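Chains as they are written, first to last, in this note's numbering: chain A, 383 to 677; chain B, 383 to 677.
There are 2 protein chains.
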Amino acid sequence: MRHLLLVAAATALVAAAPPPVKYATPPSVIAESRPGEWQAIPADDLMLIDLKNGQRIVVQLAPLFAPVHVANIRALARSGYWQGAAIYRVQDNYVAQWGNNDSDKPLPASVVKKPPAEYHRALRGLRITPLGSSDSYAPAVGYTAGWPVAYDAKAGTANLPHCYASVGVGRDLSPDTGMGGELYAAIGHGPRSLDRVIAVVGRVVSGIEHMASLPRGTEALGFYKERTSDVPIANVRLASMLPEAERPRFEYLKDKSASFARWLRVKKNRQDEFYIRPAGGVDLCNALVPVRPAK
Amino acid sequence: MRHLLLVAAATALVAAAPPPVKYATPPSVIAESRPGEWQAIPADDLMLIDLKNGQRIVVQLAPLFAPVHVANIRALARSGYWQGAAIYRVQDNYVAQWGNNDSDKPLPASVVKKPPAEYHRALRGLRITPLGSSDSYAPAVGYTAGWPVAYDAKAGTANLPHCYASVGVGRDLSPDTGMGGELYAAIGHGPRSLDRVIAVVGRVVSGIEHMASLPRGTEALGFYKERTSDVPIANVRLASMLPEAERPRFEYLKDKSASFARWLRVKKNRQDEFYIRPAGGVDLCNALVPVRPAK
Numbered sequence: 383m384r385h386l387l388l389v390a391a392a393t394a395l396v397a398a399a400p401p402p403v404k405y406a407t408p409p410s411v412i413a414e415s416r417p418g419e420w421q422a423i424p425a426d427d428l429m430l431i432d433l434k435n436g437q438r439i440v441v442q443l444a445p446l447f448a449p450v451h452v453a454n455i456r457a458l459a460r461s462g463y464w465q466g467a468a469i470y471r472v473q474d475n476y477v478a479q480w481g482n483n484d485s486d487k488p489l490p491a492s493v494v495k496k497p498p499a500e501y502h503r504a505l506r507g508l509r510i511t512p513l514g515s516s517d518s519y520a521p522a523v524g525y526t527a528g529w530p531v532a533y534d535a536k537a538g539t540a541n542l543p544h545c546y547a548s549v550g551v552g553r554d555l556s557p558d559t560g561m562g563g564e565l566y567a568a569i570g571h572g573p574r575s576l577d578r579v580i581a582v583v584g585r586v587v588s589g590i591e592h593m594a595s596l597p598r599g600t601e602a603l604g605f606y607k608e609r610t611s612d613v614p615i616a617n618v619r620l621a622s623m624l625p626e627a628e629r630p631r632f633e634y635l636k637d638k639s640a641s642f643a644r645w646l647r648v649k650k651n652r653q654d655e656f657y658i659r660p661a662g663g664v665d666l667c668n669a670l671v672p673v674r675p676a677k
Numbered sequence: 383m384r385h386l387l388l389v390a391a392a393t394a395l396v397a398a399a400p401p402p403v404k405y406a407t408p409p410s411v412i413a414e415s416r417p418g419e420w421q422a423i424p425a426d427d428l429m430l431i432d433l434k435n436g437q438r439i440v441v442q443l444a445p446l447f448a449p450v451h452v453a454n455i456r457a458l459a460r461s462g463y464w465q466g467a468a469i470y471r472v473q474d475n476y477v478a479q480w481g482n483n484d485s486d487k488p489l490p491a492s493v494v495k496k497p498p499a500e501y502h503r504a505l506r507g508l509r510i511t512p513l514g515s516s517d518s519y520a521p522a523v524g525y526t527a528g529w530p531v532a533y534d535a536k537a538g539t540a541n542l543p544h545c546y547a548s549v550g551v552g553r554d555l556s557p558d559t560g561m562g563g564e565l566y567a568a569i570g571h572g573p574r575s576l577d578r579v580i581a582v583v584g585r586v587v588s589g590i591e592h593m594a595s596l597p598r599g600t601e602a603l604g605f606y607k608e609r610t611s612d613v614p615i616a617n618v619r620l621a622s623m624l625p626e627a628e629r630p631r632f633e634y635l636k637d638k639s640a641s642f643a644r645w646l647r648v649k650k651n652r653q654d655e656f657y658i659r660p661a662g663g664v665d666l667c668n669a670l671v672p673v674r675p676a677k
């Protein structure tokens with residue numbers, strides 16, 4: 383028995399090397415896409431979390447869904463709020479969480495201390511590309527402006543789903559919504575029961591594996607027992623705070639593009655020498671929008 | 383901002399300490415269940431993977447779904463086939479894989495080298511408890527004999543779904559089904575597109591975090607580049623190979639029990655000081671059968 387040929391699964395980041403394919407696969411569709419089908423992510427929407435160990439995690443912020451929380455997060459990043467912060471909680475099949483935890487670090491003046499409940503937004507104004515598969519948590523799901531989205535046409539609401547690598551705002555009990563200082567990323571099966579219960583503010587587009595592979599905390603809810611177990615954060619900055627030449631750049635496949643439609647068809651119906659039985663459908667969290675480093 | 387109060391999510395293993403609750407939560411339902419609602423797992427169905435670093439991963443085998451592959455795996459464990467084996471592949475948001483990889487280690491005589499395609503089984507003979515939520519990969523999903531199950535009443539078939547901690551058999555291209563020497567566990571969002579494409583032979587009931595927190599491999603498909611990165615396995619045994627007093631014991635909540643029905647209702651409709659908006663549904667992979675160490 384040699385190497386298992388399990389084909390690479392949906393990840394937030396898609397390798398773009400063109401393989402010699404006979405059947406269309408998600409990577410082959412990406413490789414054949416046109417440059418014009420990709421949308422650059424603004425530098426102000428990219429948050430860079432640099433760990434003291436040299437690893438970098440890049441989060442794309444979602445002002446379209448949580449504008450007040452995202453404005454807070456940008457202000458915190460610009461003020462250096464997370465210098466000396468840490469990842470202090472890692473709960474298996476759930477979340478990794480970071481921030482200043484028990485400290486009472488002063489906040490920049492512009493930070494809104496009690497933001498509104500940005501757990502969902504108006505569906506109106508969003509152009510939706512439907513997924514066309516069923517969902518256990520929302521009447522319908524699809525994509526909009528590069529984001530996966532769950533929506534309810536009757537209620538007129540839309541929300542970002544808790545999928546792998548989604549980033550949300552830690553909070554205390556309702557009506558507290560969290561001001562954005564404590565954030566978490568999902569590192570297991572998408573905890574969708576948190577949808578519309580917490581403000582989702584973005585997604586990790588690079589480096590989620592640095593959080594997902596951390597030792598799990600042994601205390602209740604995965605908190606590390608000793609502060610010496612915490613994973614220190616050197617700095618958190620927006621890409622827009624860096625000189626142009628030093629900014630990492632990312633782009634996503636437009637959900638209105640022909641390649642996206644083709645990619646989604648292939649995701650629903652894997653069929654090649656390995657995938658002998660097409661599923662005919664796909665879970666939203668298993669068909670996350672392709673994001674890649676931009677040239 | 384103090385500790386985020388995110389409530390513990392679905393994990394393969396449920397802590398049984400009774401909390402002082404006001405609202406029913408999944409842990410409170412488990413804590414209030416009766417001992418008779420739990421079913422002991424046979425010692426011959428428990429496979430113990432002892433890593434050289436002292437960590438133990440416990441897999442429950444599923445002879446109900448993949449009898450020939452499970453018979454192979456038991457024969458391999460009894461023969462010491464995995465002494466000197468290793469975890470040699472860890473792909474983020476996908477799988478951790480172990481076995482003897484490139485070696486040509488001799489097999490016990492009883493091992494079936496080309497097992498049948500146990501990717502699904504007959505629905506007939508299974509007593510199903512429906513989940514009652516929609517699914518993107520199968521006409522219906524539910525539970526049977528302590529397992530989550532996807533099924534198709536029209537086709538008359540049932541299969542184990544690829545959820546977090548599911549264990550499957552590595553194989554080469556079809557019609558090869560893999561003989562069971564190379565196994566993987568899912569460590570990210572349930573890769574359900576593998577359903578009915580690969581033989582699922584069980585689930586990790588303890589220690590999945592030891593696999594999920596491993597460094598990701600840097601080669602294609604998450605293979606480790608250097609053999610020195612491999613995570614050595616000391617031994618793989620069935621619990622039935624140990625003296626009675628040394629056997630770990632596990633039990634699952636019977637899916638026909640009143641507590642299971644209540645647990646499922648609560649999983650679909652979290653409602654307490656934190657969960658302000660019940661989802662009304664749950665994804666099968668977010669409602670995995672509670673399994674716990676038995677006294």
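Every residue gets a Cβ at the ideal spot worked out from N, C-alpha and C, and that includes glycine.
Everything numeric in this text was worked out from a predicted model, so none of it was measured.
An exposed status is given to TYR405 (chain A), since fewer than 16 other beta-carbon atoms sit within 10 Å of its beta-carbon.
Check the Cα spacing between ALA444 (chain B) and each of B:GLY514, B:GLY550, B:ASP612 and B:VAL613: the tightest is with B:GLY550. Annotated three-state conformation of THR539 (chain A) is strand, per DSSP.
Counting C-beta pairs closer than 8 Å gives three or more between the region 595-615 of chain A and the region 467-475 of chain A, which meets the contact rule.
Pairing PRO498 (chain A) with ALA581 (chain A), the inter-Cα distance amounts to about 9 Å. Listed along chain A are SER595, each with a C-beta nearer than 8 Å to that of LEU596 (chain B). Contact of VAL586 (chain A) with chain B is not assigned, every C-beta pair being separated by 8 Å or more. Of the other Cβ atoms in all chains shown, fewer than 16 fall within 10 Å of the Cβ of GLU601 (chain B); this residue is therefore exposed. Within the region 449-484 of chain B, complete alpha helix (DSSP H) segments of at least 4 residues are found at 449-460, given in chain order.
Counting the other Cβ atoms within 10 Å of the Cβ of ALA540 (chain A) gives 16 or more, which makes it buried. For the pair LEU624 (chain A) and LEU433 (chain A), the Cα-to-Cα distance works out to about 17 Å. Judged by DSSP in its simplified three-state form, MET429 (chain B) adopts strand. Note on the region 584-671 of chain A: whole alpha helix (DSSP H) runs with a minimum of 4 residues are 590-594 and 640-650, in chain order. Just measuring C-alpha positions, the residue of B:VAL618, B:GLU626, B:ARG574 and B:SER622 sitting nearest ARG652 (chain A) is B:ARG574. In this structure, DSSP gives ALA547 (chain B) a state outside helix and strand, which the three-state scheme calls coil. Shortest Cα-Cα distance from GLU591 (chain A) to any of B:ALA643, B:PRO408 and B:PRO597 involves B:PRO597.
When Cβ pairs closer than 8 Å are counted between the two stretches, the region 665-677 of chain B is seen to touch the region 635-653 of chain B, the count reaching three or more. Taking 8 Å as the CB threshold, TYR546 (chain A) lines the interface with chain B. Sequence-distant Cβ neighbours of SER415 (chain A) in its own chain, meaning closer than 6 Å and more than five residues away, are SER641.
Here ALA459 (chain A) is not near LEU565 (chain A), since their CB atoms are 8 Å or more apart. Against chain B, the beta carbon of TYR463 (chain A) has no neighbour under 9 Å; the closest one sits roughly 11 Å away. The shortest C-alpha to C-alpha distance from TYR546 (chain A) to any of A:ASP654, A:VAL441, A:ALA422 and A:LEU508 is the one to A:VAL441. Residue range 420-422 is occupied by the beta strand (DSSP E) that includes ALA422 (chain B), with no alpha helix (DSSP H) assigned at that position. For VAL411 (chain A), the uninterrupted alpha helix (DSSP H) run begins and ends at 408-413, by DSSP. Distances from the alpha-carbon of GLY507 (chain B) to those of B:ALA594, B:ALA527 and B:PRO490 put B:ALA527 closest. Rounded to whole angstroms, the Cβ separation of LYS495 (chain A) and MET561 (chain A) is 5 Å, and the two are in contact under 8 Å.
Relative to the Cα of GLU500 (chain A), the nearest Cα in the group A:LEU446, A:LEU555 and A:SER639 belongs to A:LEU446. Taking the Cα of LEU489 (chain B) as reference, the smallest distance to any Cα among B:SER461, B:THR407 and B:TYR634 is reached at B:SER461. For ASN668 (chain B), the nearest beta carbon of chain A is closer than 8 Å to its own beta carbon. Using beta-carbon distances, ILE590 (chain B) counts as an interface residue toward chain A, with a partner under 8 Å.
Straight-line spacing of the CA atoms in ILE469 (chain A) and ASN482 (chain A) works out to 9 Å. Taking a C-beta distance under 8 Å as the contact criterion, ASP577 (chain A) and ALA661 (chain B) qualify as a contact pair. A direct Cα-to-Cα measurement between GLY514 (chain A) and TRP529 (chain A) gives close to 16 Å. For VAL523 (chain B) against ALA532 (chain B), the beta-carbon gap comes to about 5 Å, under 8 Å, which counts as contact. With its beta carbon less than 8 Å from one in chain B, VAL664 (chain A) belongs to the interface. Between SER548 (chain B) and ALA567 (chain B) a beta carbon distance of about 7 Å is seen, short of the 8 Å cut, so the two are scored as contacting.
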